[in-house]
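Report on the following structure.
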Amino acid sequence: MGWNSWDCYGPTVEEHEVKANADYMAKYLKEFGWEYIVVDIRWFVENDKAGGYNQTDPRYVIDEFGRYQPAVNRFPSAKNGKGFKELADYIHAKGLKFGIHIMRGIPKIAVEKKLPVKGADGITADQIYSTENQCKWLLDNYTILAYKPGAQQYYNSIFELYAEWGVDFVKIDDLSAPIYHKDEIEMIRKAIDRCGRQIVLSTSPGATPVEDAEHVGKNANMWRMVNDVWDTWWHISNLFDVCQQWFPSIKPGTWPDCDMIPLGRLSIRGEVGADRMTRLTKDEQYTLMTLFTVFRSPLFFGGDLPSNDAFTLSLITNKEVLRMHHESSGVRQLFRNEGKVAITSRNSKTGETYLALFNISENSNVEVSVNLADLDLKGNVRITNIWSSEEVGVFKDSFSAKISAHASGLYKLTKSN
1382 MGWNSWDCYG PTVEEHEVKA NADYMAKYLK EFGWEYIVVD IRWFVENDKA
1432 GGYNQTDPRY VIDEFGRYQP AVNRFPSAKN GKGFKELADY IHAKGLKFGI
1482 HIMRGIPKIA VEKKLPVKGA DGITADQIYS TENQCKWLLD NYTILAYKPG
1532 AQQYYNSIFE LYAEWGVDFV KIDDLSAPIY HKDEIEMIRK AIDRCGRQIV
1582 LSTSPGATPV EDAEHVGKNA NMWRMVNDVW DTWWHISNLF DVCQQWFPSI
1632 KPGTWPDCDM IPLGRLSIRG EVGADRMTRL TKDEQYTLMT LFTVFRSPLF
1682 FGGDLPSNDA FTLSLITNKE VLRMHHESSG VRQLFRNEGK VAITSRNSKT
1732 GETYLALFNI SENSNVEVSV NLADLDLKGN VRITNIWSSE EVGVFKDSFS
1782 AKISAHASGL YKLTKSN
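In short: position in the sequence shown from 1, add 1381, done, that's the numbering used here.
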């Protein structure tokens, strides 16, 4: 659970903005389990811009071994070669964890300058790269060829650096789609395992191929199921299609990822649309949070935290909803039929059953019904609305709820005498 700078700042986030979001998280969210602060894409470019990547004349900051360094004009504490160490220390001092984003591969500028690979005697960057399968939407890096001497050492060298900085989380882009880069994922896994620091590995973007579920689960902690999710209903309804394939892969330590949460204030200097509060209706926001939490997706908030209003804050600080997210297991979809969706899970600690009902159709006041026997519940069952903490009633055999278009309900079910 954490915050990522992409949805509100694109590739332009600055140190003071990262600290402001960390301050907010420490004050309002840490007690609920939120802990990661992640600096997203292109923190190593001095002249990047919002609303479209600057592909023509980027000014990269890089060290003598071809490893990106934070741009000091955006991250002043990185001066004198300190990298992200001081920013990570600031975040750690608040009881939080620090993360960064990188692209797969080796910097083009390192190849052009034939910079040496640290830990690989006599090998330079131009000896381990290929232009084949270069990322099409961001041209900063080339592919690293796993079979080349020095390839593993390059990945080792960047994760040694990140461990020195105090990085706890790395999101790596262009790993999963349109091609699943198995060789580079394995090199990254080896580099993390030997760096001496526990670092969460998040692969991006989606769609991660379902046929590679076993491999990605073995090598990464979380992986994107979809491309970027933004604040339109289509993005949310599409997640229901995608999630159906991934229920069997929800396991401790390995999580299919629904992407960042596009709520609150978005696109202050972003890539999609103007500065705004989320365009999703309140019903749609509840639906998004209900799906993300019952599905047990990683939760990475995309909006600018200090700009949150009271409603947005309430969506990410509901203790019972987050307890379900933390403690549930056996997540499964009961059915999906004509826009009606039911997902359930259980809490093995308390014996509670969770039930999420959705109306993802355009029809209002649709009745969604569940046979309680399908939840392995017999006799009288007490049902509570988790979002409101209000008791709905005691039911036997079945439960139904009328749900508006794009809306949802989230319930806790316990046996009743």
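For each residue, glycine too, the CB sits at the ideal point set by N, CA and C.
(1) On the premise that I1741 lies in contact with H1787, defined as a C-beta separation below 8 Å, what is that separation, rounded to the nearest angstrom?
(2) How far does the beta strand (DSSP E) with F1550 in it reach, from first residue to last?
(3) Just how far apart, CA to CA, sit V1551 and R1578?
(4) Pick out whichever of G1433, R1763 and Y1528 has its Cα sitting closest to the Cα of D1564.
(5) If we require 3 or more residues per run, which beta strand (DSSP E) segments fall completely within the region 1405 to 1484?
(6) Could you tell me how far apart the beta carbons of I1560 and N1522 are, in whole angstroms, since I believe they sit closer than 8 Å?
(7) If we call anything under 9 Å between Cβ atoms a contact, is R1677 one with W1615?
(8) Could you pull out every residue in the same chain whose Cβ sits closer than 8 Å to the Cβ of L1520, ignoring the five residues on either side in sequence?
(9) Taking a contact to mean a Cβ-Cβ separation below 9 Å, would you say M1822 touches I1580 in this structure?
(10) Please go through the same chain and pick out, in chain order, the residues whose beta-carbon is closer than 8 Å to the beta-carbon of V1442, but skip the five residues on each side of it.
(11) Out of N1402, P1392 and K1783, point me to the one whose CA is closest to A1646's CA.
(12) Please classify A1671: does DSSP put it in a helix, a strand, or coil?
(13) Does the region 1580 to 1591 come within contact of the region 1603 to 1611, defined as at least 3 CB pairs closer than 8 Å?
(14) Hey, K1494 and Q1534 are a contact pair by Cβ (cut 8 Å); roughly how many whole angstroms apart?
(15) Taking the alpha carbon of K1400 as the point to measure from, which residue in Y1536, K1478, W1768 and D1444 has its own alpha carbon closest?
(16) Mind reading off the beta-carbon distance from L1738 to L1794? Whole number of angstroms is fine, and I expect it under 8 Å.
(17) Please report how far the alpha carbon of S1511 lies from the alpha carbon of F1446, in whole angstroms.
(18) Could you give the DSSP three-state label for W1604: helix, strand or coil?
(19) By Cβ distance below 6 Å, which residues in the same chain neighbour H1482 in space, the five residues on each side in sequence not counted?
(20) Cα-Cα, which of S1785, V1762, D1778 and L1753 is closest to V1747?
(21) State buried or exposed for T1731, treating a residue as buried only when at least 16 other CB atoms are found within 10 Å of its CB.
(22) How big is the Cα-Cα spacing for A1629 and L1680?
(23) Measuring CB atoms only, is the region 1753 to 1771 touching the region 1700 to 1715, in the sense that at least three cross pairs come out at less than 8 Å?
Short version:
(1) By a beta-carbon distance limit of 8 Å, H1787 contacts I1741. Their separation comes to about 7 Å.
(2) F1550 to D1554
(3) Cα-Cα distance, rounded: 12 Å.
(4) Y1528
(5) 1417 to 1420 and 1478 to 1484
(6) Their Cβ separation, rounded to whole angstroms, is 14 Å, which puts I1560 and N1522 out of contact at 8 Å.
(7) no
(8) Same-chain partners within the cutoff: Q1436 and K1489.
(9) Residue 1822 lies beyond the range of the chain shown here (1382 to 1798); nothing can be said about it.
(10) Result list for V1442: F1425, V1426, E1427, Y1449, Q1450, P1451, A1452 and V1453, in chain order.
(11) In the sequence as displayed, the identity of residue 1646 is Arg instead of Ala. Ranking N1402, P1392 and K1783 by Cα distance to R1646 puts N1402 first.
(12) First, the residue type needs correcting, since residue 1671 is Thr and not Ala in the sequence shown. Correct three-state label for T1671: helix.
(13) yes
(14) Not quite, the Cβ-Cβ distance comes to about 18 Å (not below 8 Å), so this is no contact.
(15) K1478
(16) Going by Cβ atoms, the distance from L1738 to L1794 rounds to 12 Å, so no, they are not a contact pair.
(17) 18 Å
(18) strand
(19) Correct list, in chain order: D1421, I1422 and K1552.
(20) S1785
(21) exposed
(22) Note that residue 1629 is Pro in the sequence shown here, rather than Ala. Each residue's Cα considered, the two are about 19 Å apart.
(23) yes
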